[in-house]
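Structure, as structure tokens:
2 protein chains.
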Amino acid sequence: MYDANALRRFKADIFQALAHPTRIAMVELLRNGEFSAGKLIELLKLEQANASQHLSVLRSKQVVVGRKEGNQVFYSLRDPALIEVLDSLRRYFQRHIAGVRATLKKISKLEARER
Amino acid sequence: MYDANALRRFKADIFQALAHPTRIAMVELLRNGEFSAGKLIELLKLEQANASQHLSVLRSKQVVVGRKEGNQVFYSLRDPALIEVLDSLRRYFQRHIAGVRATLKKISKLEARER
DNA sequence: TGTATATATTCTATATTTCGAATACTCTTA
DNA sequence: TAAGAGTATTCGAAATATAGAATATATACA
Numbered sequence: 003m004y005d006a007n008a009l010r011r012f013k014a015d016i017f018q019a020l021a022h023p024t025r026i027a028m029v030e031l032l033r034n035g036e037f038s039a040g041k042l043i044e045l046l047k048l049e050q051a052n053a054s055q056h057l058s059v060l061r062s063k064q065v066v067v068g069r070k071e072g073n074q075v076f077y078s079l080r081d082p083a084l085i086e087v088l089d090s091l092r093r094y095f096q097r098h099i100a101g102v103r104a105t106l107k108k109i110s111k112l113e114a115r116e117r
Numbered sequence: 003m004y005d006a007n008a009l010r011r012f013k014a015d016i017f018q019a020l021a022h023p024t025r026i027a028m029v030e031l032l033r034n035g036e037f038s039a040g041k042l043i044e045l046l047k048l049e050q051a052n053a054s055q056h057l058s059v060l061r062s063k064q065v066v067v068g069r070k071e072g073n074q075v076f077y078s079l080r081d082p083a084l085i086e087v088l089d090s091l092r093r094y095f096q097r098h099i100a101g102v103r104a105t106l107k108k109i110s111k112l113e114a115r116e117r
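Quick note, the sequences are listed as chains H and A, same order.
Each residue of the first sequence is one higher than the one before, starting from 3 at the first, in this note's numbering.
Each residue of the second sequence is one higher than the one before, starting from 3 at the first, in this note's numbering.
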């Protein structure tokens, strides 16, 4: 039997990989199939270096794989089963939607004030 | 329609809450019902302050709620739907179990060497 | 070969997370 | 009220994460 702690570190790593809005956005896009790094950058309006760093995190945590084709690198989810994880989180959110909405509203107001 | 970015920040926050082995361990224990802070500390062999800080993270991200009873605080999952998220991650891991095992083995060896 | 394009890496500054030690708070009970 | 138990918070140090600028690498193509 393997160390339960090591297993938890693995789980924590996966969560960590997803613990950034940009990386969530990337993974959500990749649900629909593969995208080149450049396309991800364009769609998400990111700095090239920043995007590359986030992709590097996703790669190192084995969340995505890159397929090199000529000049470009096409990324896709390493295992679509990850989508299930995201979907269950989505359901979790839907159950909390009232609370989430209230908080989103608060945030919008705060952000409006900051402008 | 609310800001997709704000929603992603929320999701990222939940993942962040779970992005630490100790917090994963706590949540996994709480699957089985509520535990006092002291019991969690005992079962997970944690420093009191450290445990309290991790619980504070889980509280602030709305993952757990504390119920005060006399001297102690009993924690439980705020919404058992979170279990579904953990379960789907578990399935994800099972699918990758071969790769995970190999990596765990590597880690065990490294750790053995470090001792 | 030289140049342009796509992507990755390195560097630096800053912010955030984590830990343990110390301290504070809040009940209970003597 | 004082003492003790259970928790939480604060503080300082170390580690890690993030962003943007600069640089490097790899491939295509003139």
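Glycine included, every Cβ here is placed at the ideal spot set by N, Cα and C.
Check: Spatially closest choice to R69 (chain A) from A:S62, A:S78, A:I26, by CA coordinates; Outcome: A:S78
Check: Closer than 9 Å to chain A by CB, S78 (chain H); Outcome: no
Check: Sequence ranges, alpha helix (DSSP H) only - wholly within the segment 14 to 64 of chain A, length at least 4; Outcome: 23 to 32, 39 to 46, 50 to 62
Check: Within-9 Å CB hit, Q50 (chain A) to chain H; Outcome: no
Check: Sequence-distant residues of the same chain with beta carbon closer than 7 Å to A19 (chain A), five excluded per side; Outcome: R25, V59, L60, K63, V65
Check: Extent of the continuous beta strand (DSSP E) run through R80 (chain H); Outcome: Note, R80 (chain H): premise wrong, no beta strand (DSSP E); not H, not E.
Check: Own chain residues within Cβ distance below 6 Å of R33 (chain A), not counting five before or after; Outcome: I85
Check: Per-residue contacts from F17 (chain H) into chain A (C-beta, under 7 Å); Outcome: F17, L20, A21
Check: Contacting residues, own chain, Cβ-Cβ under 6 Å from H56 (chain A) (five flanking each side not counted); Outcome: T24, R25
Check: Supposed close pair F12 (chain H), F76 (chain H) - CB separation, criterion 8 Å; Outcome: Rounded, the Cβ-Cβ distance is 26 Å, inconsistent with contact.
Check: Contact with chain H by G33 (chain A), beta-carbon distance below 9 Å; Outcome: It should be noted that the sequence gives Arg, not Gly, for residue 33 (chain A). Not closer than 9 Å to any Cβ of chain H, the Cβ of R33 (chain A) fails to qualify, so no.
Check: Under 8 Å from the C-beta of R97 (chain A): neighbouring residues of chain H; Outcome: D81, A83
Check: Beta-carbon spacing of A39 (chain H), Q96 (chain H) below 9 Å; Outcome: no
Check: Spatial neighbours of V29 (chain A) in its chain, beta-carbon cut-off 8 Å, leaving aside the 5 residues before and after; Outcome: L20, L60, V65, V66, L79, L84, L88
Check: 7 Å Cβ shell around I43 (chain H) - same chain, five flanking residues per side excluded; Outcome: Q50, A53
Check: Neighbourhood of L46 (chain A) by C-beta distance below 6 Å, restricted to the same chain and skipping five residues each side; Outcome: A27
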